[in-house]
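As structure tokens, the structure follows; a few thoughts come after it.
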Amino acid sequence: MNDFKNKKVTIIGLGLHGGGVGVAKFFSRLGAKVLVTDLRNKKELKESLEKLKGEPIKYVLDQHRPEDFINTDLVIKNPAVPDNSKYLEIARQHGVPIETDVGIFFELCPAPIIGVTGSKGKSTVVTLIAKFLAKKYGDVILAGNIRSSVLAKLKKINKNSLVVLELSSWQLAGLRSHRRSPHCSVITNILPDHLNRYKNIEEYIEDKKEIFRWQKKKPRKNNQDVFRGRDCLILNYDDRVVRNFAEQAKSQVFYYSQDNGSTSDLGKARLAAFVKGDKILFGDSGLKAPNLEASGLQNEEVCSLEDIALKGKHNIDNVLAAVSVAKLAQVSNKSIKKVLVKFKGIEGRLELVKMLNRVKYINDTTATIPEATLAALSSFPNKKNIILIAGGADKDLNFDYLAEILVKKVKVLILLEGTATPKLKQAVENRIVLTDSRLEIIDPLNSMREAVLKARAKAVENDIVLLSPACASFGLFRHEFERGEMFNKAVNEL
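Counted from 1, the sequence shown has number 422 at position 422 by the UniProt record's numbering; the numbering is strictly sequential.
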């Protein structure tokens, strides 16, 4: 699969996140004849095109042409391009293979892969895992659904590396034809998401299950003994949908949980990291393997909850997932603690941007579903001192429960323009009438700077200005990261 010299490769979807850039460079530098086609125009793709300057690549922009999917040896599909695209169907009808960057990566990667998926928490979990493993193994590569193509990392990877991948449902769908899953897989949670793309949540869940569907029951020879030769699946016991995946897995299953009292019935699974009192414990220090019983301490203390710099109950889940991987990979408690006391999160996830006149400005732009905004709101005390900036593009999600909590904790709701914003506004207004709550709503704005200025005008000492949109970003912004960057810029200019 690595002989692409002089092969004609059509890449559908250059995109704005950087993944398409990495794919185009990968094939171009292997000597392929690369054609990139995108429905966006040159102006919209300016940033991505700048990064490809000097590469011998042909571009067809502002359109897709049927001939580019017929007169080619291979089509590479950007994860955002739906499988039912009529252009992909043209390729299939003419016998042209369709691939994804993740599918090719799994075929070519010589190292063990740790994969993380879930509706929320993926980025935080993979970042923590990479930091934990780097303490013991050194050569750890972090890649996946994080604004660059996994293929761009291949040249840095050898058989002694460890690869940590963040995997979206769309990326996992690309593994189906390869019948491959990571050596160690983690599922954080399943929440309604991307229902503008999927027919129903069941279809979304089926793609998520690709992360463990092809794991092996028998030991792998190339697993570097990090997980003692066994594939493993780490599941959030506290999420009922995720918990039930254990019965479908061939690999060794481990649960993590914030409530160890609820995990009495583990079935064939074993207990990994869990909370007891104010401590994180690890329930099982070894993997089942031929002639190997579980070794080490049972229910050993890993750290105190006070050691965790990350804020929010949802981040305890993220820590438990990452600690489970680290302990199964034989990372010491001391190394784990060193990371946890310093790690305060990543950009756009409850990121404290600035404290101004004793008002906190917090960027949670990656909250693209209502449940993520609920998690953000629950991170703060039950005081009605939050000025929330929310709204955006519709993913066919329900805002009723968010509205119920929002009217209790938010004093001013500043709306951003978008197709979902009228639904969010209506849900909140309905709740205000039902509960006779007091909440000021600022009608939709088409500028982040204007939203931040409105927030500043409304804020008083000890208030929190929170960007946590509960919606996708497209329309007003190119992507959620640009939305967060514009918030940070506006805040820092105050």
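Using N, Cα and C, we set each Cβ at its ideal position, and we do this for glycine too.
Can you name the start and end residues of the alpha helix (DSSP H) that residue i belongs to?
| i | result |
| --- | --- |
| Gly484 | 480 to 492 |
| Lys334 | 333 to 342 |
| Glu404 | 400 to 409 |
| Ile316 | 313 to 328 |
| Leu49 | 46 to 51 |
Which residues mark the beginning and the end of the beta strand (DSSP E) in which residue i is found?
| i | result |
| --- | --- |
| Ser304 | 300 to 304 |
| Val242 | Val242 -> not in any beta strand (DSSP E); alpha helix (DSSP H) instead, spanning 240 to 243. |
| Thr37 | 33 to 38 |
| Phe274 | 270 to 276 |
| Phe212 | Unbroken run through Phe212 is the alpha helix (DSSP H), 210 to 213; no beta strand (DSSP E). |
| Pro444 | 440 to 445 |
| Ala390 | 386 to 390 |
| His232 | According to the sequence displayed, residue 232 carries Cys and not His. That run of the beta strand (DSSP E) goes 232 to 236. |
What three-state label does DSSP hand residue i in the structure shown?
| i | result |
| --- | --- |
| Ala80 | coil |
| Arg431 | helix |
| Val359 | strand |
| Leu14 | coil |
| Leu74 | strand |
| Ile464 | strand |
| Tyr59 | strand |
| Pro66 | helix |
| Glu450 | helix |
| Phe254 | strand |
| Lys5 | coil |
| Ile369 | coil |
| Glu247 | helix |
| Phe27 | helix |
| Val226 | coil |
| Ile280 | strand |
| residue 496 | No answer is possible for residue 496: it lies beyond the span of the chain, which begins at 1 and ends at 494. |
| Leu413 | strand |
| Ala289 | Caution is warranted here: a pLDDT of 35 is assigned to Ala289, below 50, making its placement in the model unreliable, and the coordinate value is therefore given only provisionally. In the structure shown, Ala289 sits in a strand (DSSP, three-state: E or B). |
| Lys395 | coil |
| Glu472 | Correcting the residue identity first, residue 472 is Ala in this sequence and not Glu. The answer is strand: DSSP assigns Ala472 an E or B state. |
| Leu352 | strand |
| Ser295 | A caution first: Ser295 carries a pLDDT of 39, below 50, which makes its placement in the model unreliable, though a value can still be read off. Coil at Ser295, not helix or strand. |
| Ala459 | coil |
Look at residue i and residue j and say whether their C-beta atoms are less than 8 Å apart.
| i | j | result |
| --- | --- | --- |
| residue 505 | Leu128 | Limits of the chain in this structure are 1 at one end and 494 at the other, which puts residue 505 out of reach. |
| Ala143 | Leu165 | yes |
| Asp101 | Ser149 | yes |
| Glu301 | Leu281 | yes |
| Lys33 | Lys8 | yes |
| Val81 | Thr10 | no |
| residue 548 | Thr188 | Limits of the chain in this structure are 1 at one end and 494 at the other, which puts residue 548 out of reach. |
| Lys153 | Ile141 | yes |
| Pro192 | Ile369 | yes |
| Ile90 | Pro66 | yes |
| Lys416 | Leu445 | A quick correction: the sequence has Leu, not Lys, at residue 416. Result yes, Cβ atoms of Leu416 and Leu445 sit closer than 8 Å. |
| Leu466 | Ile386 | yes |
| Pro112 | His194 | no |
| Ala367 | Ala472 | no |
| Phe212 | Ala173 | no |
| Ile431 | Ala490 | The residue asked about is misnamed: residue 431 is Arg in this sequence, not Ile. No, they are not a contact pair. |
| Val23 | Tyr59 | no |
| Thr365 | Gly484 | yes |
| Ser185 | Ile234 | yes |
| Phe477 | Lys131 | no |
How close, in whole Å, do the beta carbons of residue i and residue j come, if the pair is a contact with beta carbons under 8 Å?
| i | j | result |
| --- | --- | --- |
| Tyr137 | Ser169 | Actually they are not in contact, since the Cβ atoms of Tyr137 and Ser169 sit about 28 Å apart, beyond 8 Å. |
| Lys208 | Ser251 | Between Ser251 and Lys208 the Cβ distance is about 16 Å, and since that is not below 8 Å, they are no contact. |
| Ala390 | Ser335 | Not really, about 38 Å apart at Cβ, beyond 8 Å. |
| Ala470 | Leu424 | 7 Å |
| Thr117 | Leu162 | At roughly 18 Å, the Cβ-Cβ gap does not stay under 8 Å, so Thr117 and Leu162 are not in contact. |
| Ser379 | Leu350 | 6 Å |
| Leu340 | Cys303 | 6 Å |
| His64 | Ile98 | Wrong, their Cβ atoms sit about 14 Å apart, outside the cutoff. |
| Gly95 | Asp317 | The Cβ separation is near 45 Å, so there is no contact. |
| Ile190 | Asp239 | 6 Å |
| Lys77 | Leu88 | 7 Å |
Would residue i pass as an interface residue toward chain D - the criterion being a Cβ-Cβ separation below 8 Å?
| i | result |
| --- | --- |
| Leu434 | Within the model displayed, chain D is absent; a lone protein chain is all it includes. |
Discussion item. Ignoring anything shorter than 4 residues, give me the alpha helix (DSSP H) runs that lie fully in the stretch 85 to 121, in order along the chain.
Written reply: 86 to 93, 101 to 108
Discussion item. Quick check for students: name the residue ranges of the beta strand (DSSP E) that lie wholly in the stretch 129 to 199, counting only runs of 3 or more.
Written reply: 140 to 144, 162 to 166, 184 to 187
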